[in-house]
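**Q** Using the working numbering, read the sequence shown as starting at 694 and increasing by one per residue.
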Amino acid sequence: MAAVEPSSEMLNTVATWIARADLVCCMTGAGISAESGIATFRGPDGLWEGRRPEDVATPEAFQRDPESVWRFYQARRKALISARPNAGHFALVRLAELVADFQLITQNVDGLHREAGSREVIELHGDVRIDRCTNCQWETRVEGAAERSALPHCPECDGLLRPGVVWFGEMLPPGAIEAAQLAAENCQVMLVVGTSSLVQPAAALASWAQTQGAKVVEINTDSTVLSSSADVHLRGPSGEVLPALVAGVRILSEPRP
Ligand code: APR
C-alpha cells in the first residue's frame, strides 16, 4: 500500500474502521516519543548511530563492561528528565475512551504512555527507570539520573543492579508477548505507530493481526518494511496524525441527533 499523506478521506476511512471495531490494538515504537524530544534508534541522530547495540544493549556487553552500559542508560534517563508526553500519547489516551475495547502495546521503555494516562500498557521491552538486581531480582523505580560514582548495588544482597529493560537476546517480560499476541489475534484494527518494524517479536504482531482479519494501519513519517503490506500507511508525525484520527472517531462516536 502506498504511503498516503493523511487525506481527510483516508483518515475518515480509518476512523470508521476504528469506530466499528470491538477491539482496537495499537503498537508503538520510538517514533511516537520523537516529538517529546526522545531520540529514536535508527533514524538520523538515532541511538544506534555511531554505536553498536551489542556494545551497550546485550547481557554480554553488561558482563564485559557494565560501566559503559550504565553510562548509556544513565544518558537515556537524563534525556527523560525534561521529556513529557506529546499529542500523540494523549490522543491514544482519548482513543481508549472512545472505542469499545483498546489494548496498547509499546516497545518503548520511556514510560511516556503511562505518564500521559494510558492504563494497562503492555511494555514489551521493560522500563528504563527500573533498577533491578542481577542476583535477587530486587527492584526499584528511579526518577531522574543522579550521577553515580560507582556501579549501583542491591541494598538487599549487594548484587550488581542493571536497568530494567530487555536487551537483545533476552526473553521479554513473562506474559507480555502472549498478551500482545492475544490482542493482535482478536483486534479488528491494529495501529502501528512510529516503529521501523524491524525487531522481533514485536514486529510480527501486525502481520499476525492481519492474518486474523484485522486492518493494519501504519502511522509513520517514513516508509518501513511494513508499509507495503499495511492496509493503509498514514504518512506523517504521530503527534499530528493521531489527534486528527481521534477527532474523526469522536465525530463518528457521537450519538446521532
Ligand atoms: N511520528 C511517527 N513516526 C516517526 C516519527 C514521528 N514523529 N519520528 C520517527 N518516526 C519513525 C521512523 O520513521 C522509524 O520508522 O519511527 C520509527 C523509529 O524506528 P526505530 O528508531 O527503529 O525505533 P523502534 O522501531 O521503536 O525500535 C524497535 O529496537 O533497538 C531496539 O529495543 C529497541 O524498542 C526498540 C526496538
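No residue lacks a Cβ here, since even glycine has one placed at the ideal position from N, Cα and C.
The model shown is predicted, which means the values in this text are computed figures rather than measured ones.
What residue range is occupied by the uninterrupted alpha helix (DSSP H) comprising Asp748?
**A** From DSSP, the alpha helix (DSSP H) with Asp748 extends over 746-749.
**Q** Within the continuous beta strand (DSSP E) that includes Pro856, where are the two ends?
**A** Run containing Pro856: 854-858, per the beta strand (DSSP E) assignment.
**Q** Going by DSSP, what residues sit across from Phe795 in a beta bridge?
**A** According to DSSP, which records beta bridges pairwise, Phe795 is partnered with Val717.
**Q** I think Val909 touches Ala708, with their Cβ atoms under 8 Å apart; what is that distance to the nearest whole Å?
**A** Actually they are not in contact, since the Cβ atoms of Val909 and Ala708 sit about 15 Å apart, beyond 8 Å.
**Q** With a Cβ-Cβ cutoff of 7 Å, do Cys850 and Leu797 count as a contact?
**A** For Cys850 and Leu797, no; Cβs fall outside 7 Å.
**Q** If you reduce the DSSP assignment to three classes, tell me which class Ile912 lands in.
**A** Strand at Ile912.
**Q** Considering only heavy atoms of the ligand APR, does any lie closer than 6 Å to the CB of Ser889?
**A** Result yes, Cβ under 6 Å from the ligand APR.
**Q** For Asp758, count neighbouring Cβ atoms within 10 angstroms of its own Cβ and tell me buried if that reaches 16, exposed if not.
**A** Classification for Asp758: exposed.
**Q** Tell me the start and end of each unbroken alpha helix (DSSP H) in the region 825-888 that is at least 4 residues and wholly inside, in chain order.
**A** Fully enclosed alpha helix (DSSP H) runs of 4 or longer: 869-879.
**Q** Among residues of its own chain, excluding the 5 on either side of Leu817, which ones have a beta-carbon nearer than 6 Å to its beta-carbon?
**A** Gln800, Leu865, Ala869, Ala895, listed in sequence order.
**Q** Starting from Leu773, trace the beta strand (DSSP E) in both directions and tell me its first and last residue.
**A** First-last for Leu773: 759-774, but that is the alpha helix (DSSP H), not the beta strand (DSSP E).
**Q** Quick one: does the C-beta of Ala727 sit closer than 6 Å to a heavy atom of the ligand APR?
**A** Yes, the ligand APR has a heavy atom inside 6 Å of this Cβ.
**Q** Using a threshold of 7 Å, state whether the C-beta atoms of Ala712 and Gln881 are closer than that.
**A** Not closer than 7 Å, so no.
**Q** With distances taken between CB atoms, is the gap from Ile731 to Ala776 smaller than 7 Å?
**A** Contact: yes.
**Q** Is there at least one non-hydrogen atom of the ligand APR closer than 6 Å to the beta-carbon of Asn913?
**A** At least one heavy atom of the ligand APR is nearer than 6 Å to the Cβ of Asn913, so yes.
**Q** Apart from the five residues just before and just after Ser890, which ones in its own chain have a Cβ nearer than 6 Å to its Cβ?
**A** Cβ neighbours of Ser890 beyond the five flanking positions: Ala896, Thr917, Val918, Leu919.
**Q** Let me know the secondary structure DSSP gives Gly952 once reduced to three states.
**A** There is simply no residue 952 to check, as the chain begins at 694 and stops at 950 in what is shown.
**Q** Kindly indicate which residue of Ser921, Asp748, Ala727 has the alpha-carbon position closest to the one of Gly739.
**A** Comparing Cα-Cα distances from Gly739 to each of Ser921, Asp748, Ala727, the minimum goes to Ala727.
**Q** Nearest to Glu947 by CA position, among Glu790, Gly804, Thr904, is which residue?
**A** Checking every option, the nearest Cα to that of Glu947 belongs to Glu790.
**Q** Just to check, is the beta-carbon of Gly724 closer than 6 Å to a non-hydrogen atom of the ligand APR?
**A** The answer is yes for Gly724.
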